[in-house]
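Chemist: Submitted below is the structure of interest, expressed as structure tokens.
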Amino acid sequence: MEVLVDTSGKMGPVEKTITVRSNDPVQPELVLTLKVRVKSIAHGDTSVESSSIFQGECRRCHVNAGSGLSGRRLFEADCAMCHRTKDEDYSPGSPVEVLRLIPVEVLEQGIRNGVSGTSMPGFAKSEGGPLDESQVRSLVDYLSGPR
Ligand code: HEC
Ligand code: HEC
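Numbering-wise, the sequence shown is residues 206 to 352 according to the numbering used here.
So, in structure tokens, the structure goes:
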């Protein structure tokens with residue numbers, strides 16, 4: 206029997222059941238359970254914590270990519286991987302279209318300090334992040350400004 210699982214928009218453990226119906230007089234219906242674990246293309250099997258996102262080898266994608274950039278280019282380098290567009294299947298944080306609707310003070314607070322209980326770390330240098338004040342401002346301006 207061939208089974209195909211559509212993993213688009215999924216991450217981590219996913220469980221699916223398959224009901225097999227036959228003319229077997231003893232057990233005409235059999236439920237099979239399929240357990241799969243959808244891996245991140247970026248992290249493979251490693252489980253990642255946002256507390257270490259700015260350290261060691263994690264810096265390659267989460268810090269170095271945006272080094273020296275500001276505004277749109279900084280967003281694309283450091284943020285877009287977790288704030289994808291509405292059309293994309295998996296976005297750990299709100300899609301960028303939703304971020305654009307958020308009041309300036311909330312944007313600033315989120316970027317500077319992070320959002321506790323989520324994978325959004327504080328990006329300001331004062332919070333152990335990689336961004337200086339002008340970079341934080343440039344992101345707020347980019348997200349609250351015209352498209
Ligand atoms: C090759 C580039 C790359 C490296 C290296 C990398 N990341 Fe990521 N990270 C990504 C991308 C891309 C995403 C967006 C989600 C996805 O596609 O898996 C992401 C998302 C995340 C998330 C959010 C995941 C979620 O689903 O909420 C965390 C937390 C994270 N990374 C932490 C880390 C840590 C910690 C390290 C170092 C051990 C690390 N990353 C190394 C590219 C990378
Ligand atoms: C590792 C994944 C990850 C990265 C990288 C990331 N974010 Fe987030 N972000 C999240 C998650 C998860 C949340 C909490 C859910 C939500 O509100 O979107 C969040 C929340 C936020 C919020 C608060 C939204 C609210 O409704 O309160 C803002 C603003 C924000 N992110 C902007 C950014 C910007 C700008 C960057 C780049 C500097 C960035 N994020 C990088 C995952 C990430």
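Heads up, the beta-carbon is just placed ideally off N, CA and C, and yes, glycines get one too.
Suppose you measure from the CA of residue 271 to the CA of residue 330; what does that come to, to the nearest Å?
Modeler: Approximately 14 Å, taken between the alpha carbons.
Chemist: Give the list of continuous beta strand (DSSP E) stretches no shorter than 3 residues that lie fully inside the region 234-286.
Modeler: 234-243
Chemist: Let's test the definition: count the other Cβ atoms within 10 Å of the Cβ of residue 223 and tell me whether it reaches 16, buried, or not, exposed.
Modeler: exposed
Chemist: Could you give the residue range of the beta strand (DSSP E) that holds residue 207?
Modeler: Where residue 207 is concerned, there is no enclosing beta strand (DSSP E), given that its DSSP letter is neither H nor E.
Chemist: Secondary structure at residue 332, three-state DSSP: helix, strand or coil?
Modeler: helix
Chemist: Straight-line CA distance for residue 240 to residue 212?
Modeler: 12 Å
Chemist: With three or more C-beta pairs closer than 8 Å as the rule, is the region 302-311 touching the region 333-348?
Modeler: yes
Chemist: For the region 247-266 against the region 227-239, do three or more pairs of beta-carbon atoms, one drawn from each stretch, fall closer than 8 Å, so that the two count as touching?
Modeler: no
Chemist: Compare the beta carbon distance of residue 255 and residue 324 with 8 Å and say whether it is the shorter of the two.
Modeler: yes
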